[in-house]
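First up is the structure itself, then whatever we jot down about it.
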Amino acid sequence: MEVEIQQKLNRFFEEIQKEDFKKMRGLGNEVPYFVFDYNPAYELMVRNSIKYYQDKLTLNIKVLNLFELIIDLFVDIGGLEGLKQFEAEQGTAELFDAIRPSIEEEQLVERIAEAAEDAQMIFIMGVGSVFTLVSTHELLNQLHARVTSTPIIVFYPGEYTGQGLSLFNRFESNGYYRAFSI
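For the record, in the sequence shown the residue sitting at position 34 is 64 according to this note's numbering, with numbers rising by one throughout.
In structure tokens form, the structure reads like this:
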């Protein structure tokens with residue numbers, strides 16, 4: 031299995047360097063969104079490959095981690111100490127319930143759109159780290175209105191069928207069909 035994921039990663043990084051991919055030829059006016067799905071057991075291998083290729087390729091790739099973006103959002107609105115104290119006093123479930131309204135996908139979309147302005151490609155990681163707070167389906171739907179010319183590749187620990195997403199191969203999300211499987 032490790033050989034298969036490594037081969038899939040190698041094919042992926044070869045594909046994104048092709049001129050047709052960089053210029054988005056052949057998409058038929060579709061948004062340039064892609065899902066690289068993989069078995070969650072290979073999360074570390076995928077992360078390491080992304081870092082390796084990001085340093086090696088001459089493409090201007092911005093790698094955005096959703097977990098880090100959310101942390102940055104909370105730092106910007108007042109810091110993490112209050113959240114830590116709230117969790118210690120109330121518990122993790124209550125913390126998630128309290129912060130979920132503050133983490134609107136629009137705020138993440140804005141940050142991703144800003145990064146896309148001067149990037150050739152955007153890699154989105156950390157989907158599994160924020161799965162109870164951020165819906166990949168909703169995030170991609172909202173990005174559709176803001177980022178239309180920069181390829182966005184979501185690294186997804188689970189399965190994408192072209193019709194829907196299944197995080198960790200366990201949690202089904204709403205149907206999503208706008209992205210291409212890569």
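We treat Cβ as the ideally placed atom computed from N, Cα and C, and that holds for glycine.
Contact check, residue i vs residue j under 8 Å by CB: the rounded distance?
i      : j      : result
Pro70  : Gly158 : 7 Å
Leu96  : Ile154 : 7 Å
Ile142 : Leu94  : 6 Å
Ala209 : Tyr63  : 4 Å
Work out the CA separation of residue j and residue i for me, nearest whole Å.
i      : j      : result
Leu39  : Leu173 : 25 Å
Phe51  : Thr162 : 32 Å
Tyr186 : Asp67  : 5 Å
Gly109 : Val33  : 43 Å
Ser211 : Lys114 : 38 Å
Ala145 : Gln120 : 35 Å
Pro181 : Ala123 : 35 Å
List the endpoints of the continuous beta strand (DSSP E) containing residue i.
i      : result
Met155 : Met151 to Met155
Ser196 : Gly194 to Leu197
Asn95  : Ile91 to Asn95
Gly188 : Ile182 to Tyr190
Which residues in the same chain have their Cβ closer than 8 Å to the Cβ of residue i, if we skip the five residues on either side of it in sequence?
i     : result
Tyr82 : none
Please go through the same chain and pick out, in chain order, the residues whose beta-carbon is closer than 6 Å to the beta-carbon of residue i, but skip the five residues on each side of it.
i      : result
Leu125 : Phe116 and Glu117
Ile46  : none
Where does the unbroken alpha helix (DSSP H) through residue i begin, and where does it stop?
i      : result
Asn171 : Thr166 to Leu173
Closer than 7 Å by C-beta to residue i: which residues in its own chain qualify, once you throw out the five before and the five after it? Chain order, please.
i      : result
Val160 : Leu96, Phe97 and Ile100
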